[in-house]
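Asker:
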Amino acid sequence: MNLVDSHCHLDCEKYAPDLDAVLDRAARAGVTRMLSIGTGDGPPELDRAVRLAERYPQIYATVGIHPHDAAKATAKSFDDLRALGQHHKVVAFGEIGLDYHYDFSPREIQRDVFVEQLKLARELELPITIHTREAWDDTLAALQEHWHGECILHCFTGDAGQAGQALALGYHLAFGGVLTFRTAENVREAAKITPDDRLLVETDAPYLAPLPWRGKRNEPAFMAETVKRLAEVRGTTPEHIAEITTANFERLCLHSRNGTRYTEGSHGY
Numbered sequence: 157m158n159l160v161d162s163h164c165h166l167d168c169e170k171y172a173p174d175l176d177a178v179l180d181r182a183a184r185a186g187v188t189r190m191l192s193i194g195t196g197d198g199p200p201e202l203d204r205a206v207r208l209a210e211r212y213p214q215i216y217a218t219v220g221i222h223p224h225d226a227a228k229a230t231a232k233s234f235d236d237l238r239a240l241g242q243h244h245k246v247v248a249f250g251e252i253g254l255d256y257h258y259d260f261s262p263r264e265i266q267r268d269v270f271v272e273q274l275k276l277a278r279e280l281e282l283p284i285t286i287h288t289r290e291a292w293d294d295t296l297a298a299l300q301e302h303w304h305g306e307c308i309l310h311c312f313t314g315d316a317g318q319a320g321q322a323l324a325l326g327y328h329l330a331f332g333g334v335l336t337f338r339t340a341e342n343v344r345e346a347a348k349i350t351p352d353d354r355l356l357v358e359t360d361a362p363y364l365a366p367l368p369w370r371g372k373r374n375e376p377a378f379m380a381e382t383v384k385r386l387a388e389v390r391g392t393t394p395e396h397i398a399e400i401t402t403a404n405f406e407r408l409c410l411h412s413r414n415g416t417r418y419t420e421g422s423h424g425y
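Each residue of the sequence shown is one higher than the one before, starting from 157 at the first, in our numbering.
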């Protein structure tokens, strides 16, 4: 069984002591590829995931400014993202979006930085991965106005109604450890209605570890438990979930901007 963790934060300092061991455990669990999210601690340093992807063939990278860090963005930040987005291991733009739960950056600035990054992603012809928390309506409104490409709603925790809205717009839903939580019946209902060709799995590691590791440092190997639970919810097998989510990731992220396949060891698209 080959799995792809479509969203993790491997540049996090929590992995500094034992990243190689984390990657070994991932491989033993069948997680053969990981997409490391390139938001880090925000500007000015935006290349940590790219540097990881250069070191490890099984790791790909995104670039972007998280809504928490929107207030740190400058004109140079966008220039840096444009340059990084052309790196041969960068296969998506994100995570970007809106977060009205913490409001670490003012909402108006969050929206401005979100829209600017949507424009950049469109220019770079990259799919986007979206963070939205307590900002559903504003997130969808911005996407409908400014985005017409491939979109992944990362760590989807909405209900079936919100899933239906996103699916009607052609978006993809990525499910993580929250799916296994006892109180997350709404997420499981959303997972049930997601078509095979719109489904992804992730960890958001080091956050949101699935049961039975809830509250501990998450890591890509733990995704096997999420996949097992997702298969139960959808009335299928873990092997089928692995097959369709891997195919979806490859279609979304591992094709070049001109339609040919990304290949290991290439130095561009």
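Where is the CB? At the ideal position from N, CA and C, for every residue including glycine.
1) Would you decide whether glycine 326 is buried or exposed? Buried here means 16 or more other CB atoms lie within 10 Å of its CB.
2) Nearest by alpha-carbon distance to leucine 356: which of Phe270, His396 and Val178 is it?
3) Looking only at DSSP bridge pairs, what is phenylalanine 337 linked to?
4) Could you name the residues that DSSP lists as bridge partners for aspartate 259?
5) Per DSSP, what are the beta-bridge partners of valine 100 in this structure?
6) Which word fits threonine 382, buried or exposed, when buried means at least 16 other C-beta atoms lie within 10 angstroms of its C-beta?
7) Quick check on the burial criterion: 16 or more other C-beta atoms within 10 angstroms. Buried or exposed for aspartate 176?
8) Identify, in the order they occur along the chain, each residue of the same chain with its Cβ nearer than 8 Å to the Cβ of leucine 274, setting aside the five sequence neighbours on each side.
9) Closest by CA to glutamate 375, which one among Gly220, Tyr363 and Pro368?
10) To the nearest angstrom, report how far apart tryptophan 369 and phenylalanine 337 are at their CA atoms.
11) Leaving out five residues before and five after lysine 348 in sequence, what residues of the same chain have Cβ atoms less than 7 Å from its Cβ?
12) Please identify the residue among Arg207, Ala330 and Ser233 whose C-alpha is closest to the C-alpha of phenylalanine 161.
13) Helix or strand or just coil, what does DSSP make of aspartate 161?
Answerer: With the structure as the only source:
1) What you label residue 326 is simply residue 170 of the sequence shown in a count that begins at 1. When all chains shown are included, glycine 326 counts as exposed.
2) On the sequence shown, residue 356 is found 200 positions in, with the first residue counted as 1. Comparing Cα-Cα distances from leucine 356 to each of Phe270, His396 and Val178, the minimum goes to His396.
3) To locate residue 337, count along the sequence shown from 1; it is residue 181. DSSP, once it has assigned bridges, lists no residue as partnering phenylalanine 337.
4) On the sequence shown, residue 259 is found 103 positions in, with the first residue counted as 1. Bridge partners of aspartate 259: none, in fact.
5) In this structure the chain extends from 157 to 425, so residue 100 is not present and cannot be described.
6) In the sequence shown, residue 382 corresponds to position 226, counting from 1. It is buried - the Cβ of threonine 382 has at least 16 other Cβ atoms within 10 Å.
7) Position 20 of the sequence shown holds residue 176. With fewer than 16 other Cβ atoms within 10 Å, it is exposed.
8) Position 118 of the sequence shown, counted from the first residue, corresponds to residue 274. Excluding positions up to five away in sequence, the list reads Ile252, Ile284, Ala298, Leu299, His302 and Trp303.
9) As a working note, residue 375 is residue 219 in the sequence shown. Nearest option by C-alpha distance: Tyr363.
10) For this step, residue 369 is matched to residue 213 along the sequence shown. For this step, residue 337 is matched to residue 181 along the sequence shown. Computed Cα separation, rounded: 11 Å.
11) The count along the sequence shown starts at 1 and reaches residue 348 at position 192. Closer than 7 Å at Cβ, skipping near neighbours: Val389 and Arg390.
12) Taking the first residue of the sequence shown as position 1, residue 161 is located at position 5. The question names phenylalanine, but residue 161 is aspartate in the sequence shown. Measuring from the Cα of aspartate 161, the nearest candidate turns out to be Ala330.
13) As a working note, residue 161 is residue 5 in the sequence shown. Aspartate 161 falls in the strand class under three-state DSSP.
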